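Notes to accompany the following structure.
Numbering (this note's numbering), first residue to last: 11 to 669.
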């Protein structure tokens, strides 16, 4: 930065600067725009002399020399430096930092030795990512400008916007400089808010939509595309590796992954009901969904597919925050601190986009984490290879079978859940899986999509999280998903990846659960969790608890799946026709528990004991409740879904959890 500033303001390298020029640049560090020697020479001169005075104070400059120097003019020789941004400027920043460290370790001079760095980036995918972020970001910006651009928002003298706008004004360098000069808060606010130029600039900065985009090859961790912001010239802050934002529902797969790792099955579930989880000290966490509870049983598959907060919270209640945090870290969330509290299930701990895409790549890579890599080799100016870099060794974060199950469930998000726009809007028919994410008040929109050969994710929002997106355009499915969808659309069109590539399908999986309703519901936003220091261990909320989650200790040993008894259906009229070994239901096949099912006769009403049929229709007979308490009901894909009451309050139509 000093080197570039030296060339810009004095047309020389940093090592050639004299004490006056050096003091001028150091003075600009307090506010590069406010103390710009070209646009604000008087301020820059005053600031330069303050720096010189500090040098005298710290005995770095003689007093007599200071007296002479402070009378000298600035003598600026301005030469605008046109930076070569390249196709991936944010990635170039990352590479520059990496190369400086590498050169220091290996005794090379990055400015003199003509080093050439070969990267993992695919230029075709980088171009597609750039185009998608710009096009979809510009679309969002038009909406944001309409929503936030009105002068009534920025000139409000009363109401909810007044305090927010004044807080933004107080954050500026202009405000701080005026206050330092001795003006009162009221005077500065009045003067700055009366300035049209100042307020227009502030509005543009605060309401500028930003985005981050990253694509990885899950098989080796190669970074294939990296976009740190919509326009590098406007915002050099990297929203891939630097920005930490709440991931919202994109964090939920870690919760379900922990459950599957503990032995849960996708067809098990919980009641979609009001949930109350004690946090200790009399505080409770009451997660809700935007549409309210349905008071129906929902499978784990449905809970993740429809991004249900109430179901996810109950799963977290069973597996525990510590287990989820540990798994997330193993999968790739390794730099950000995860608060081990119940609301972690809904993505309340800020993380980076890079961490999240790396973690999803672990799912796509059969549960094996590979650290993302940017560089393949470094050469000298003559083409001699100085060092080659291989992908890092894969680390097993979860068993392959668990990763396959989790990915299979996440297929449903794309096929019928909150990510259905990938198919309906972008026409992608490949084998893909993913997850949307939305945070409180639509502050952040996320979407990550997995393909066997490529995993890509996007974040959209504002740099200042006090500025939020609207309900119609802020959720991840409307803000971030289009960036990823357009990117994959172009990747398939350019034949960069194979549309016929397939993930492995877990044995017995139906891929699409036949009990799932059609449509793509709007994803709910996570409610704010009441503050609680050192929350107590989470007690059962009163919901139906699964066999796999009973009494999980704080530091568990590896758990063994404990099978639960399963109801077997037979025809009431001809019970002798029941086969000795009924066929396995392919949608709920679980070799571990040996579940066996037979189809209920169409039109039948199931009841407890004999004589449960109505109107002379064939019925089913169930084992007496007192001798065999039902733990789970398995339903074949072709089982009639209407009028099947088996127990008070329980209607067969979807597999349910143990009672």
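Backbone N, C-alpha and C define an ideal beta-carbon position, used for all residues, glycine too. Quick caveat, the model's predicted, so the values are computed rather than measured.
Using a Cβ-Cβ cut-off of 6 Å (strictly less than) and excluding sequence neighbours within five positions of residue i, which residues of its own chain qualify?
i           : result
residue 636 : Any reading at residue 636 must be qualified, since the residue scores a pLDDT of 33, below 50, and its modelled position is unreliable; the value itself is stated next. Cβ neighbours of residue 636 beyond the five flanking positions: none.
residue 228 : 371, 374, 375 and 465
residue 269 : 325 and 329
residue 689 : Within the shown structure, residues of the chain are numbered from 11 to 669, placing residue 689 beyond reach of any answer.
residue 415 : 270 and 516
residue 15  : 35
residue 315 : 422, 423 and 427
residue 21  : 87 and 89
residue 41  : 183
Opposite residue i in the DSSP bridges: which residues?
i           : result
residue 221 : 470
residue 457 : 446 and 468
residue 293 : 290
residue 309 : 279
residue 39  : Paired residues: none, contrary to the question.
residue 226 : 233 and 465
On the three-state DSSP scale, how would you describe residue i?
i           : result
residue 76  : helix
residue 490 : coil
residue 405 : strand
residue 285 : coil
residue 128 : strand
residue 251 : coil
residue 379 : strand
residue 234 : strand
residue 258 : helix
residue 69  : coil
residue 24  : helix
residue 56  : helix
residue 395 : strand
residue 365 : helix
residue 426 : coil
residue 510 : coil
residue 104 : helix
residue 387 : strand
residue 348 : coil
residue 15  : helix
residue 577 : Any answer about residue 577 is weak, because its pLDDT of 27 lies below 50 and its placement is not dependable; what the coordinates show is given next. Correct three-state label for residue 577: coil.
residue 84  : coil
residue 158 : helix
residue 32  : helix
residue 436 : coil
residue 479 : coil
residue 47  : coil
Can you tell which of the options has the C-alpha that lies nearest to the C-alpha of residue i?
i           : options               : result
residue 388 : 111, 221, 86 and 31   : 111
residue 155 : 136, 483, 398 and 14  : 483
residue 507 : 445, 88 and 138       : 138
residue 217 : 157, 432, 176 and 467 : 157
residue 460 : 72, 413, 448 and 481  : 413
residue 142 : 503, 390 and 497      : 497
residue 103 : 432, 299, 159 and 246 : 246
residue 364 : 341, 358, 206 and 241 : 341
residue 54  : 33, 440 and 316       : 33
residue 242 : 224, 220 and 259      : 220
residue 30  : 422, 65 and 69        : 65
residue 503 : 436, 512 and 486      : 436
residue 451 : 444, 411 and 477      : 477
residue 406 : 278, 316 and 338      : 338
residue 327 : 350, 308 and 511      : 350
residue 486 : 307, 261, 359 and 265 : 261
residue 264 : 509, 121 and 445      : 445
residue 491 : 481, 458 and 501      : 458
Do residue i and the ligand MN come close, with the Cβ less than 7 Å from some heavy atom?
i           : result
residue 202 : Absence of the ligand MN is noted for the structure shown, with no ligands found whatsoever.
Report all residues from its chain with a CB closer than 8 Å to the CB of residue i; omit the five preceding and five following residues, and keep chain order.
i           : result
residue 105 : 127, 129, 384 and 385
residue 231 : 368, 371, 380, 381, 382, 383, 401 and 402
residue 51  : 84 and 86
residue 60  : 37
Quick one: residues in its chain with C-beta nearer than 7 Å to the C-beta of residue i, no 5 flanking neighbours on either side, listed in chain order?
i           : result
residue 489 : 150, 455, 470, 479 and 483
residue 323 : 285, 287, 297, 352 and 355
residue 361 : 254, 257, 343 and 346
residue 238 : 100, 222, 248, 249 and 250
residue 43  : 183
residue 670 : Outside the modelled stretch of the chain, which goes from 11 to 669, sits residue 670, for which no answer is possible.
residue 299 : 318, 319, 320 and 534
residue 475 : 453
Legend entry - Completely contained beta strand (DSSP E) runs for the region 164 to 211, where each covers 3 or more residues: none
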